Structures are given as C-alpha cells and as structure tokens.
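Engineer:
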Amino acid sequence: MTTVVERTNPVLRISGLRVAYRTAEGPVQALDGVDFEVAPGRITAVVGESGSGKSTLAHTIMGLLPGDARIESGSVQFRDRDLTALSEKDWREIRGRQIGLVPQDPTVSLDPVQPVGSLVAEVLRIHRLAHGKHAHVQAIELLAEAGLPEPAIRARQYPHELSGGMRQRVLIAMAMAAKPRLLIADEPTSALDVTVQRQILDHLQRMVSSTGVGIVLVTHDLAVAAERAEHIVVMSKGRVVESGPTAKVLGDPTDPYTRQLISDSRISMMARVHRPATEDSVAHVEVSGLVKIFPIRGEGIVRKRVRTAVNDVSFEIPRGRTLGLVGESGSGKTTIARLLLGLERPTSGFVRIAGQDITTTRGPELRQLRRQIQLVYQNPYASLNPRFSVEELLTEPLRNFGIGDRASRAAMIRDLLDSVALPSGTVNRKASELSGGQRQRVAIARALAVDPDLLVCDEPVSALDVSVQRQILELLISLQQSRQLSYLFISHDLGVIRYVSDDVAVMQHGQIVESGSAEQIFTSPQHPYTAELLAAVPGSRDHSTITTTSKEPTPWI
Amino acid sequence: MSSYVGRRLAQAAFVVWAAFTVTFIALRLLPGDPVALMLSKRSTGGAPTPQEISTVRAELGFDRPVVVQYFSALGDLLQGDLGRSIQSGQAVSGTIAKSLPMTLELGAIALVLALAGGVTLALAANLGTSAVRRQIMRSVPSIIISLPSFWVGLLLIQVFSLHWRIFPSLNATGLRGLVLPAITLALPGIALIAQVLGKSLYSTMQEPYVDTIRASGAGPSRILIVHGLRNAAIPAVTVTGLLVGNLIGGAVVVETVFSRPGMGRDIGFAVTNQDLPVVQGIVVVASLAFVAVNLAVDLLYPVLDPRMRSTSRLVAAR
Amino acid sequence: MTATVFDVGRFASPASNAVRRFGSQPGLLIACAVLLLVIGWAVLPELFTDQSPVEGVAAARFASPDWQHLFGTDELGRDLYSRVVYGASLSLRAAAIAIVLAFVTGTAVGLVAGFFGGAVDAVTMRVVEMLLSIPPMLMSLVLISALGFGTLNVGIAVAMSSVAVVTRLMRAEVLRVRTAVHVEGAIVCGARWPRILLRYILPAAVGPVLALAALDFGLVVLAVSSLSFLGFGEPPPAPEWGALVAAGRNYMATAWWLTALPGLTVAVLVLSTTRLARALESGKSIR
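Residue numbers (the working numbering), protein chains in the order written: chain A, 32 to 588; chain B, 10 to 327; chain C, 3 to 289.
1) At a Cβ cut of 8 Å, what residues of the segment 81-105 of chain C count as close to chain B, listed as they run along the chain?
2) Roughly how many whole angstroms lie between the Cα atoms of Phe-176/B and Leu-115/B?
3) Given a limit of 7 Å on CB to CB distance, which residues of the segment 245-262 of chain C reach chain B?
4) If we require 4 or more residues per run, which alpha helix (DSSP H) segments fall completely within the segment 509-581 of chain A?
5) For Tyr-408/A, which option in Ala-474/A, Ile-246/A, Gln-291/A has the closest C-alpha, if you only look at C-alpha atoms?
6) With a threshold of 8 Å between beta-carbons, can Phe-169/B be considered close to chain C, or not?
7) Could you tell me the distance, in whole angstroms, from the CA atom of Ser-135/C to the CA atom of Ser-296/B?
8) Terminal residues of the continuous beta strand (DSSP E) containing Asn-252/C?
9) Less than 8 Å separating the beta-carbons of Leu-372/A and Val-481/A?
10) Return the CA-CA distance between Arg-112/A and Phe-67/A, expressed in angstroms with no decimal places.
11) When DSSP builds the beta bridges, which residues end up paired with Lys-323/A?
12) Determine, for Thr-64/B, whether the minimum Cβ-Cβ distance to residues of chain C falls below 8 Å.
13) Can you pull the chain E neighbours of Gln-405/A, defined as C-beta to C-beta under 7 Å?
14) Where Glu-330/A and Leu-177/C are concerned, what is the direct C-alpha to C-alpha distance, given to the nearest angstrom?
15) Where Ser-91/C and Gly-162/B are concerned, what is the direct C-alpha to C-alpha distance, given to the nearest angstrom?
16) So who's on the other strand from Ser-104/A, going by DSSP bridges?
17) By the 10 Å Cβ neighbour count, where 16 or more other Cβ atoms means buried, how is Asn-252/C classified, buried or exposed?
18) My understanding is that Arg-383/A touches Glu-317/A, with C-beta atoms under 8 Å, so please give their C-beta distance in whole angstroms.
19) May I ask which residues mark the beginning and end of the alpha helix (DSSP H) holding Ala-188/C?
20) Would Gly-74/C count as contacting chain A if we go by Cβ distances under 8 Å?
21) Considering only their Cβ atoms, is the gap separating Gly-105/A from Val-122/A smaller than 8 Å?
22) Could you give the DSSP three-state label for Gly-271/B: helix, strand or coil?
23) In the DSSP assignment, the beta strand (DSSP E) including Gly-57/A goes from what residue to what residue?
24) Just checking my contact of Thr-276/C with Ser-151/B at CB under 8 Å: how many whole Å lie between their CB atoms?
25) Alpha carbon to alpha carbon, how far is Thr-281/B from Val-144/C?
26) His-236/B: buried (16+ other C-beta within 10 angstroms of its C-beta) or exposed?
27) What distance in whole Å lies between the Cβ atoms of Pro-219/A and Val-133/A, which are believed to be in contact at a cut-off of 8 Å?
28) Would you mind telling me which residues of chain C sit closer than 8 Å to Ile-152/B, beta carbon to beta carbon, in chain order?
29) Rounding to the nearest angstrom, what Cα-Cα distance links Tyr-530/A and Phe-520/A in this structure?
30) Go ahead and label Val-45/C buried or exposed: buried means 16 or more other beta carbons lie within 10 angstroms of its beta carbon, across all protein chains shown.
31) How many Å lie between Gly-163/A and Gly-148/A at the Cα?
32) Do Thr-75/C and Gly-89/C have their C-beta atoms closer together than 8 Å?
33) Short of 6 Å in beta carbon distance, which residues of its chain neighbour Tyr-560/A, apart from the five on each side in sequence? Order them along the chain.
34) Thinking C-beta only, is Ala-61/C closer than 8 Å to Gly-2/C?
35) Return the residue from the list Val-107/A, Ile-389/A, Leu-356/A that minimises the CA-CA distance to Phe-381/A.
If you want it as structure tokens, here you go:
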C-alpha cells in the first residue's frame, strides 16, 4: 500500500495561492492568499459560504479554471510537482489518474447519450489501464465497489434512467477508476436527499480507510464537515480564515467569522421555545382527506398512467401556530402548498380556511380569498418579476385588491419594508439588483401587504447562505408573534423545521406517516421513516460503526 | 414504439392532405378566370368569345361547384391522377415523373455538400487554439446566407463557364453540368447547418458533463468528437427539415438560372402561365417529399437521443 | 447593500452603453450607413441620382461602369445606377409589407393561442402545421398564382410563408411566461388576467419575436428579390432589383455589370441588416 513516507507527507500543499477572474468591471479576486495542506488517508473539509472561493479552489487543483481566470501567484504542490506550472498535456496525466473529481450536481454531470458503464470504462481507456472488453468488465467491478446495486444491469443503462444517488455513485466510480491519490469532492451531496446523502458520505469514508486516498471535501454545510472530516479549512472571501483539526477548530474557534458560522449552523440543534397548545386554539386551517392525482401525458392509449402526488392527507393548523411539513423530494409537500393556495384543485378532500372551503370557491370569490392566504416561495430569483422595481412589486397586491390610494400606499410600503428590516431606499431598486436574502425579504413583505392570516412558506430559506437563513427565520418568527400569523412551513431541512415549528408532520410518498408536536417528533419518533430522516441529519448521531482515522468526538453529539 | 410510428405516419398523411387543400383553396381565390387567360394566350388574335370560354371550362370541369371539384380532385389524387396541364394538356403526373429524377439528383448532391460543408465549418468554428480564427469561422455562415442564390449562380457561370470555360453553363447534363448548380443550391444549406451546429457545439461544450470528462483526463479531440458532436447533433437535426425545405425552394431559382430541366423550372413556368393543375401537382409532390424527410428525422431522434426512447426500462428505486 | 464602483456601469443608461459599443465596431457602422443609404434611395431617389431610370440614351448602350454611369448602362442605354436607386423603394416596400403582415398576424394569433389554450390552441397549431407542410418558396408561388404579380402581391406571398414560424414562436413564449413562477406569484397576489397579459406576458414575449423580425428582414429581402427575379414582381420597366438581374442574364457574356451589380446591392443590403440584427440581439441580452 502506501509507504511510510507517503503516509506522513502531505499529498497536497497549497501556499500563497492567488487567483483572479477578468470581468467586464475589472479583475475580481477569487482567491487571495490561500495556504493549507491535505494529508493522505484523511478527509479535509473546505467550508465556506457562496463567494468564499471554495469552488475556485477545487477547479484550480484540477487545472480546470475557465479561460478568464488567472493564477497570479503561489504554488500547488502535489507529490513533488507544482501544478501551477503544468502544461495542458501534462495535466492530462494528472487528471483522472492521480487526482479525481466528484462534481457537484449528478443530474447534469453525466453525458446523457452514453451508457454509464461506457463512461466508467472510458476513464480506464483514456489512461490506458484497460482496453475493449476488459475495460467494460472492470467498469462493472468499479460500479460495484462504488456501491451501485446490480452493476451489470446498471452499466448498460443511461444516466436519465438512474436516480440521483445512483448517478452520484457512477461519478464516484469514474473519479476513483484509476485509483488516484487525491480526490476532490465538490459539494457531493447538496443536490441529494438527506438519506441518500448519508449513504454517499459513508461510502466516501469507507474509501478513505480502504484505499488510503486523501479527500478534499468542499461543502457549505458545516455539520457535514464536522461529522466526516478530520481536518477542516474555513474560507471566507478568498482567504483561509482558520484551519486545523476539526475538533479543535469547532470546539475552540479563534476567528470571529468561524464563531459566527458555527453559531449560525447550530440552527439544526437549537430547539425553539415551544408554546404549548392552548385549550381554546381554534383550528384556523382544516385539511381533510386531501387527494391529488396527476395524469401523465402521452402515456398509454388504453390505460392512462397517473401519478398520485397526495394520498389522503389530513391536518390542522391552529391560529397563530406553525405546522412544519417535512419530507424529501417527491413526498408531495409542494403539491400540498399549491392545493392550499388554490393553484391546484384536489381530486377529492377539502381545505377549509377560517371555516370557508376553498376547494369549491372559484373566480372572483377565490381571488378575494387570496387576501387571507399568501405564499413565500423557495427561489427568490424566480418568484419576483426581475423587471419590476421593489415599489412596483409591493404596490401590486395593494392595487389588485384595491387597498388604499396612491398616497396611503407609499406609507404602507414604507412600513412593510420596515417590518422586514429593509432600508426605505430599497424601494427604487429593481429586483434583479438585490441579493438572495434581500429578495426573500421583499417576497415576505409582499406577502404581508394584504394582511393575510395564513402564510405558506415553501422552502423559503433553502436557496440562501446559512448566515442569511438564520436572519430570515428569525424575521419570520418575530412576524408571526407580532401579527398572529399561522404558518404552513415546508422544508426538507430538519434543522430548519425544528427551529420554527410548533407541530410537525412527516410526509413520504404523498402520505403523512407521522405527526405531532415538534418536541415529540424530534425526541421520540415513532415511525421508522421519521427515525431514518433524523438519523441522516449530519451531526445527529455518532459514526463509530464507520472506520475513521479520527477518534476525537465532535462537539455536536 | 409502434404507436409512435403510427402516430407520425398519420400526421404525415394529414400534412399532405393539408398541402393539397391549402393549395386548392388558394388557387380558387383567383380573381381572374384562368380559362379565359389561357385561351387568350393561346389564340393569336382577338379575345375568346364567352361561348368558347364556357365550352373549355365545361371540358376541364371548372363549371362544377367548388366542393364537387375539391372531392373529385381529391379522389383523383388518391389514384395518382394530378389532373392535366391547362397549358399543354398533358398529364401532370407524367410531367412530374420526367422532371422529378433531375431535381432529385440535384437536390441529393446539394444535400451532401451542405452537410459536409456545414459540419466542417461548425467544427472549424469550435476547434483550434486561435480565437481569432474561430471568430472568423463563426461569422462565415451569416455572410453566405446573405448572398442571393440567383446572383451567386450567375456569378459562378460568368467566372467558371464563360470566362474560364471549366464547366458547361446552361442546359447541361451529366456530372460536370451538376457541379455549379449543386454548389449554388448547397450554399444556403451550408450556412444553415454551420450556424446551427456551430452554436449547438458551442453550448454543448459548456455543459457540466463535458467538465466531468475533462476531469477524467480526456484530450480536446476526444471530448469534441465522442461527447460533443453526438450531443450537439441532437438539436441540430431539427434543422434538417428546414434544410430540405430550403433546397426544394432553392431548386426553383437554381434550375431557372442554369436552365436545367426539373420540377423547379416547371413550377416557375406554371406560375407564369397560371397553369393551376401543374402548380398544385408539384406542390403536393414536393410537400410529400418534405413530409417524408421530416418523418425520417423524427424517427431518427430516438436513435440519437436515448432519453427519447421507450420508457419501459425506467427504474424508480433508490 | 452599499453601492460600489461596479454599480455605476449597471445604472448608466442603456443608451449611452449602446453608443459606446457602437463606436467601437467598424462593421456595425458600415452596416448602419448602408441601411440608411438604401432607405434614402427609397424615400428620396432624386437626391441620389439625376438620371432617369426609365429613359435611355441609345448612344450609351452597354457602357461599362465609369464616372458618368456608376453601374454602367443596359441594353436600352438606361443608367443602371439610377435604376437600382429607384428600385430600392420597390424592394423595401415589398419587404416592409411582408414583415409587418407576417409579424402582426403571427403575434396576434400566437398570443391568442398561447394565452387561451385548449381548443383554440389545438386548432391554431393544426393550421400552423398545415402551413408549415409546404416549403416557404412554394407557398409564395402558390399565392402568386392566386393573387397575380406585382409588388404588393409579392409582399403578401412572402408574408404568408413566414407567418407560421412567427405564430409558433410567439405561442411558445407566451406559454413559457404563463407558467413561470413569478406569474404564479402574481396570481397569488391577486392579479387578474388582463394585468398578467399586459405587464408580464407581453413584455417578456415581445423580445424574442422582435429579434426574429430583425433577423428575418434580410431573408425577406432575399425572398422578395428572388420572386422578382423569377418575373413575378412589377412588370417592366419597373426597376426591381431581381428583375434587373433577370433582364441582364441575356447579356451576361458581354455586359457583366448588368447582373453583377444589382445582385451585389441586394447582397450588401442583406449583409448589413443581418449584421445590425445580430448587434441588436446581443445588445439586448447583455442588458
């Protein structure tokens, strides 16, 4: 296996790395003096928010910087070679052979017209490790090693026929095919459901102990880093803010940025102060026996294929309280939101808001009903018309419902911006000029403009950085208290759900498998799926069953 | 899969019927009287008498109600009878049968030239290290497409036939006589394919899966040819239908410029002489060819793109 | 939150940005000049030539290009340059008719089809398919047979061959915006359909359609001149460009300028409009 020398020398050593992009407005510094080392046989996590430079770092190590990026100074030492000085031809011997990359999004990272077995075999062929039939046989072995079930069958399938987790395993197989010494995993689990995420990360850990490869795990999720990495490097604005053994950095951080990051990430572990349900809480929202079946177009002539998105769902939301609806992708939670908002009609069942059945209301009556139910949507970049200014966006609901006149509207808008902690100058900015967090605040302000009673929040913070997430959640909680709003809060992120919800309902395959108060669900889950979801949250359990090289407990357990 | 083919065949039949009907309706909108026009062109002196007009009209069946004419013509169409030319009195189907091979010959060679030239230009616009050269290659298609066909053809004749006497000019047969017309006909097609395929290649090369292959250590030629072309070709194939349509239309001008016998020249004459049955016949046959090509392209999609194949192998498990 | 020096570029007016980019590209300037020149020819031909396009001087037959006759003369001794200048208005008129007719009709029908959906949409798309089943040139020829010759009819014929593509594009854009997330957000805010149509759908859909119109203009000029080359435009002695080339065919061996120069004019005009259209397209997308 590896020699003693190799085991103690770092497989990667970066010193003083500075990388800049040429843009229309001048050079942008992506990396501003980065130093760190990666030891073999260990996982080193590079943690940072968006804009920290961690992606640029991953690309620099692979020599995959785009044409408008320049390495200004510094060195990247990989096993006695300086990667910054390599020619393109030399790079082709390093990439895939000595350093492997597991890219971020498995849905778009595989060539859609090739069977996955050929993709893996190709890596072997490129580096002349196998030819023809033999390469294909080896490819199947590699897929098996990556944990893909029924590898011989899967090898003949195309990427679109596999699930996200399976595709990620194919990418891992491709990256490890030539048995590299260093593996860069670029956010390898952000696009996956939390249960699949756990399996993939387990697999990466197993690989480290069995092959001695060094892994650089690039992630924005501090909990993942804390749980899996022996060594952690915290980045912000192109610099290394702090680095060292994980336990030390997270247990006793020296840099204020690190401290802030840790406290923001602790959302997942902080439970909210629960208000007990009072006896006379009137059920504000009543959902009973909700079913929604979608026909699948173009399929079958004799029998139409259908998809049951929501299958007999019932719940209640008392006035002024938050129901957290949690589930993975495909669980039906977004469909529930749309049914509640009247954007879809249920196949059967009803939804009553303040006693009125919205499923049978149509036309102008439905429109009027919209004043009571508003939506904060996940993607702040899509939910606001980018051409509109903030003023137009906020005036729109007021004008549509005939609230106030021109003079009073201006005052109302100022109040709204105030209540979401945005300066009044924002009024003239266009939506496209605002950051994600700012846009989400505008979206919340817009939802509040008509003074609704129920707010449906569909993954409102998933697209935001962790520090901004915390701010938005705080805002939502304080608004609920001051305005007595009821919330239906939908998310796949258990930490967020725990933070905001009074009651929780867990969904799987269109059905609610368990529901109860937040405390109940999180401390003593009854249903096996709930338990599985909780166990999959990074940082929620110890991993002594997985072989790691670090014995120090992380401060999360 | 067979239901897919069946549906496309039905659609093709619909489209041919549509071409026939649209042409029929349009031609019946004529403000003037084709019979009178034809007779006045034939006779050497004096306008035809109303008597003569009505006789000829009854002969040709133009005095029946329009609906009857339509169904009668449709019935004839299904039997392969496209009527008779008002001008010459000959069966339209016979005329087409004679001209069709000439046009097919010209079109086929032009198609090959267009594909070869277009693909080469598209590759040149995306390969190589010189950004300046690539930029130049990218602007070539829009220059080519701005040149009028008739002008290019005449220019080629002037240079290569009249001045340098390499190729025969007008009314030529045989392989040498095909060269100049085929090039003229192919040029807009080269531009179209180069542009569409070039753009498609460019955006394909930005796709994340290309980065994955690059990260595996593949060289630029492998990336472009094995992965790039195959994916880029998929949206570019859509354009083949348009290409054939342009070839059909272009043949009208090219055959006229080079005085080559063929369906293009025939329809040109027919329009000049307001010979309705000939116009209609040629349009229906051309649409049939057009539709056949589009159908072939549609059937080609699942071959190129595995995502379009039957979904029976979809697995939903984790 | 605080404005940085980078913000200045974004807040500067699109007009000044456009002017700056304009000046830095010579090809664009030439294209603009050509277009303006041809428009000048069409609107005020007397300003550009003092010779008659219809009366020829017999003694000056088949004169090759020189300072007195920039483009030479034809078989009747007419100054070719003047004929080209006067022919500009005919070509531009036919092209304008074609573009306006195709795009106004196509936009309206596409909007209705995409917006209302259902049966209206299904019927419209079937009709569009029917029209698309005939290659464009042949469609134009059918219409010429039906309507007769002349500039107006050529315009209508070319319009008919492009209207289906415009309809399809407009419909696709309308559908795309109709199902967009921010439109749903507007519905939740209580917006009614007329407002959605006017403030959301139209502004977004119009962009790609206008881009297509700009690009199409060149192709329309080509189609119009091809039809007049085949003899379907205004009858002689109208100096339509295509007809000029067709007439010059008989004298190709001896008077090359009769075919080469009017054809060159067409080519240069189309090149210029295409260049301008592409600049407009990339200018819009940058903003």
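For each residue, glycine too, the CB sits at the ideal point set by N, CA and C.
Since the structure is predicted, the reported quantities are computational estimates derived from the model, not experimental observations.
Structural biologist: Based on what the coordinates show:
1) none
2) 16 Å
3) Val-247, Arg-251, Met-254, Ala-255, Trp-258, Thr-261, Ala-262
4) 525-531, 549-554, 559-567
5) Ala-474/A
6) no
7) 6 Å
8) From DSSP, Asn-252/C is part of no beta strand (DSSP E); its letter is neither H nor E.
9) no
10) 16 Å
11) Val-341/A
12) no
13) Although the question refers to chain E, the structure presented lacks it and instead comprises the protein chains A, B and C.
14) Note that Glu-330/A scores a pLDDT of 48, beneath 50, so its modelled location is shaky and nothing firm can be said.
15) 25 Å
16) Arg-49/A
17) exposed
18) 4 Å
19) 183-190
20) no
21) Sequence inspection shows Trp at residue 122/A; the Val mentioned does not correspond to that position. Going by C-beta atoms, Trp-122/A is not nearer than 8 Å to Gly-105/A.
22) coil
23) 57-69
24) 5 Å
25) 11 Å
26) buried
27) 5 Å
28) Leu-273
29) 11 Å
30) exposed
31) 12 Å
32) no
33) Gln-539, Val-544
34) Outside the displayed span of chain C (3 to 289) sits residue 2/C, for which this structure offers no information.
35) Ile-389/A
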